[in-house]
Structures are given as structure tokens and as C-alpha cells.
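Undergrad: If you scroll down you'll find the structure; I have some questions about it.
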């Protein structure tokens, strides 16, 4: 069946279903928009006295009839501005990242394709305009892919001496592939490391307040905000970072499956001016994620379908798809473009404030074993420093050296490797003079 005949049949089904329930509303081919291979929006017109809520109550019946026609479950979502019934494309295809224009101005991220615009255009997120972003969606919604694309496009367009990134990946999965970026100052997985990373960012916040500075930009990127928020004291620290960070060049991107205030804290939830909301499990979750009712996010089909919500605006976007091998290739491209800066003097971000109570979590040890270097608890010996210098000559960046030695990045491992590279090389022993013929 051609797309034209598909549209004709489904328009008839929609109009017949609405008429069967005495709803004064309908659609026509001229009001219909085909958004690439992502979705179809059947524009609706209603009678003057026809409540829109009556259409919304019949979404289950509309979904049932279109699903029967297509032979597979097909969600139907009501879009209010402009009024339309949205269904997935009958032959959906991922939106390939290679079709996007990644190279933009600095501090700019690519969120996806905005099909609410006419003509369709890429939706760009600029840190100076949208300082904090919350990404919400269930497994399969595409939220982790979207977060990676935001970070990769930002790193491609911004030099490491203008931007430092702190990664917190509580699942040690989706953000791990970005740890080798030259912009990444810390990468935390374990509870102990994650808490220390947040304390580092908060300490930098306080330092910038005292010194009245706002550069370079610092971005805290979190995958699974709820897991991080359950750690003692973290919600209060995140609240401070979100509330005060914008004017100080400190930003947050956080992804979560659980956007309710009870899971992530009401102050934290309220301080994200941009929300990218994918498929969620129900209307309550949709309202919590969007911070407003009636978005219909629970009826999105997943696979990169998102609503971009900021201020009064709700835009329907499709996130670009990028697989793991393409992520690795793009990381290499970014690393080649932006070699890791050689930093001397004060660290790029402040060391973390000590926890209020001793943290019982063990120090990460597994990454120290593979090539035999010690945990970063003491100064490197001359022999260890020499070995690190030799290793550094074989690797493309300082970040790659840290990852090769420890498998992860933190303020401690960064400090230890930097100290090893900066340690003075031992002076060669004086040559022994042998006198020929001497007695």
C-alpha cells in the first residue's frame, strides 16, 4: 500500500470513528502532515461548540481501529497546538545522525529534528539560553541516545579549554563511551565517586561565587538522576547547582526514567527550563516529566519520539539515532580535533568538599590492577613516573592515558597522572672514567 492510499484509508477511519460517537470533528488530506519517516499528523477541525476533551476520550477507539487496519498496535496521540491526531509512520525508519549538521557555534547542542516547524528544521539547544535540560523516558524511549547526541555535538563544537564535563553514569553503560573525550574531567560510576563528583561541582560553584567568575563552562551530565538523588545530601547539592549555576557558567543535563518530584526532589525538578520528554508509562508520569498536564507523552511511540517543552511551547521532535560504533568514531574525531589541554596550576574545577559523614563505600580498586599502577593515594615514585611518561608517548591524549591506567577518570586519578607526567626526570649518572694503562 502506498503512503497516499494509507493516508486516504486512515482519514476515512478517523472521520467514521468520530462520527460514530457524535463528535463534530474531522480531518482531510490537505490538513495532514507526513513528518519524514517518523510520524503522521492528521490535522483536526472541530465544530464551534465541540469540546476537544471528547476527542481525547475516544483515543482508545481510534487506536484500536487504526491498529486493526495496520495489523499491529498503533498508538494515537492528540496534539492540541495545532490540533491533530498523531500516529507513527506506517514504515518508520531511524533518523540517521549522518543526515544532521553537527558543526555549529560553540556551546550548541543538537537535540533532533523539529517537525513542528514548517519546514522541518533541527532543534538546537544553546547553553546560554537553556542552561539545564531534563530528559525523561522509559527504556526504549531513546533518552540515552538523545543525551549522548547532545554531549557529542557540544564537544564537537566547543574547545576543551572553554568547557569541562563531569560525567555521572550510575549504570556504567550509556555515558561510558564518552569518557575518553578531551573535555571530560571526571567520570563516576560508583556511589562514592558520584557523590564526590557532585561535591566537586558544588565546590566550584562556591569558588565562582567568591571570585565572581563564570568561565570556563562546566557541565554536569547525569544518567539516571533518581539513582544519584537517593544518595545522602545529593538533592540539596543539586538544588544549589541548578538554582545558582546558570549565571556562573555551570550547567546540568540529566536523564531519568522516574521524573516525579518524590524521586528526584521538588526543587531539582522545578529548575530544568528545558524538558525533553519521551515515551512514559502513564498520564501521571507524563505530567510529572513535562510539568504540565495534557501533553500525551504517554502515547508517544518511543524510538526517539520526544516532546521539547520550554516555557509555553511544546514541540514534537525526533531524536537522531547513533549506534555505539558511530559514537566511538565520533569520539575519535573530536579527540583529534581538540587535543586534551595541558593544564597547570589550579585544577579546572575545585576539589570536592569532604562528605559530612565518612563514606563506607570502598575506593574503586578494580581499574588499578590491569597494568600494575597503584591506587592514587600517594605520590608516584620516580620509576612509576618514568613508566607513565613512556605510556603517554604512545597514547593520543592525557585522558586516554588516565583511562589506560585506571579505567575511569576522577579528580584523584587525574591528579596522580598529572603529577607523574610533571615529575622531574632523574639526571643520568656520571660516566665512569677508565684510565687505560694506569696502575
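Residue numbers (my numbering): 1 to 439. Idealized CB from N, CA, C, for every residue including glycine.
#1: Spatial neighbours of residue 280 within its chain, please: CB distance less than 7 Å, with the 5 preceding and 5 following residues excluded, ordered by chain position.
#2: Would you identify the three-state DSSP class for residue 2, choosing helix, strand or coil?
#3: Could you please give the first and the last residue of the uninterrupted alpha helix (DSSP H) stretch that includes residue 262?
#4: Residues bridged to residue 192 by DSSP?
#5: Determine the direct distance from the alpha carbon of residue 177 to that of residue 328, and round the result to whole angstroms.
#6: May I ask which residues mark the beginning and end of the beta strand (DSSP E) holding residue 87?
#7: For residue 109, which beta-bridge partners are listed by DSSP?
#8: Just to confirm the assignment, what range does the beta strand (DSSP E) spanning residue 314 have?
#9: Pick helix, strand or coil for residue 422, following the three-state DSSP scheme.
#10: Return helix, strand or coil for residue 148, following the three-state DSSP convention.
#11: As a quick exercise: from 166, 74, 7, 392, pick the residue whose alpha carbon is nearest that of residue 30.
#12: Cutting at 6 Å between CB atoms, please list the residues of its own chain near residue 92, excluding the five before and the five after it.
#13: Quick check on this structure: which residue in 94, 103, 47, 50 has the alpha carbon closest to the alpha carbon of residue 330?
#14: Less than 9 Å between the beta carbons of residue 391 and residue 418, yes or no?
#15: Give, in chain order, every unbroken run of the alpha helix (DSSP H) that is at least 4 residues long and sits entirely within the segment 164-239.
#16: Going by CA-CA distance only, name the one from 227, 259, 34 that's closest to residue 3.
#17: Quick one, which of 100, 162, 149, 198 has its alpha-carbon nearest residue 170's?
#18: Using the rule of at least 16 other Cβ atoms within 10 Å of the residue's Cβ for burial, across every protein chain shown, is residue 370 buried or exposed?
#19: For the beta strand (DSSP E) that contains residue 254, what are its first and last residues?
#20: Between the Cα of residue 96 and those of 326, 334, 336, 386, spot the shortest distance and give me the residue it belongs to.
#21: Would you give the residue range spanned by the beta strand (DSSP E) that residue 134 belongs to?
#22: Can you give the Cα-Cα distance for residue 213 and residue 271, rounded to whole angstroms?
#23: Whose C-beta lies closer than 6 Å to the C-beta of residue 155 among residues of the same chain, with five residues either side of it excluded?
#24: Only counting the same chain, and skipping five residues up and downstream in sequence, which positions put a Cβ closer than 6 Å to that of residue 125?
#25: Once you ignore the five residues that flank residue 121 on each side, which residues in its own chain have a CB closer than 8 Å to its CB?
#26: Between residue 20 and residue 58, what straight-line distance do the alpha-carbon atoms span, to the nearest angstrom?
TA: In short:
#1: Residues 136, 137, 138, 286, 289, 297, 298 of the same chain have their beta carbon placed closer than 7 Å to that of residue 280, with the five preceding and five following residues left out of the count.
#2: Note: residue 2 maps to coil in three-state DSSP.
#3: Unbroken alpha helix (DSSP H) run through residue 262: 261-264.
#4: Residue 192 has no beta-bridge partner at all, per DSSP.
#5: Rounded to the nearest whole angstrom, the CA to CA distance from residue 328 to residue 177 is 7 Å.
#6: It spans 83-88 - the beta strand (DSSP E) in which residue 87 sits, taken as one unbroken run.
#7: Per DSSP, 125.
#8: Element bounds for residue 314: 313-318.
#9: The answer is helix: DSSP assigns residue 422 an H, G or I state.
#10: If DSSP states are grouped into helix, strand and coil, residue 148 belongs with the helices.
#11: Nearest C-alpha to residue 30 among 166, 74, 7, 392: 7.
#12: Excluding sequence neighbours, residue 92 sits near 37.
#13: Here the closest residue by C-alpha is 103.
#14: No. Outside cutoff.
#15: The DSSP assignment places complete alpha helix (DSSP H) segments of no fewer than 4 residues inside the segment 164-239 at 191-211, 225-229, in order along the chain.
#16: Checking every option, the nearest Cα to that of residue 3 belongs to 34.
#17: Nearest option by C-alpha distance: 198.
#18: Confidence at residue 370 is low in this model, with a pLDDT of 34, below 50, so the placement of that residue is unreliable and no value is reported for it.
#19: Its beta strand (DSSP E) spans residues 250-256.
#20: Cα-wise, what sits closest to residue 96 is 326.
#21: Annotation: the continuous beta strand (DSSP E) that includes residue 134 extends over 132-136.
#22: When rounded, the distance between both Cα atoms is 22 Å.
#23: Excluding residues within five positions, the ones whose Cβ falls inside 6 Å are 181, 183, 334.
#24: Cβ neighbours of residue 125 beyond the five flanking positions: 109, 111.
#25: 113, 114, listed in sequence order.
#26: Those two C-alpha atoms are separated by around 10 Å.
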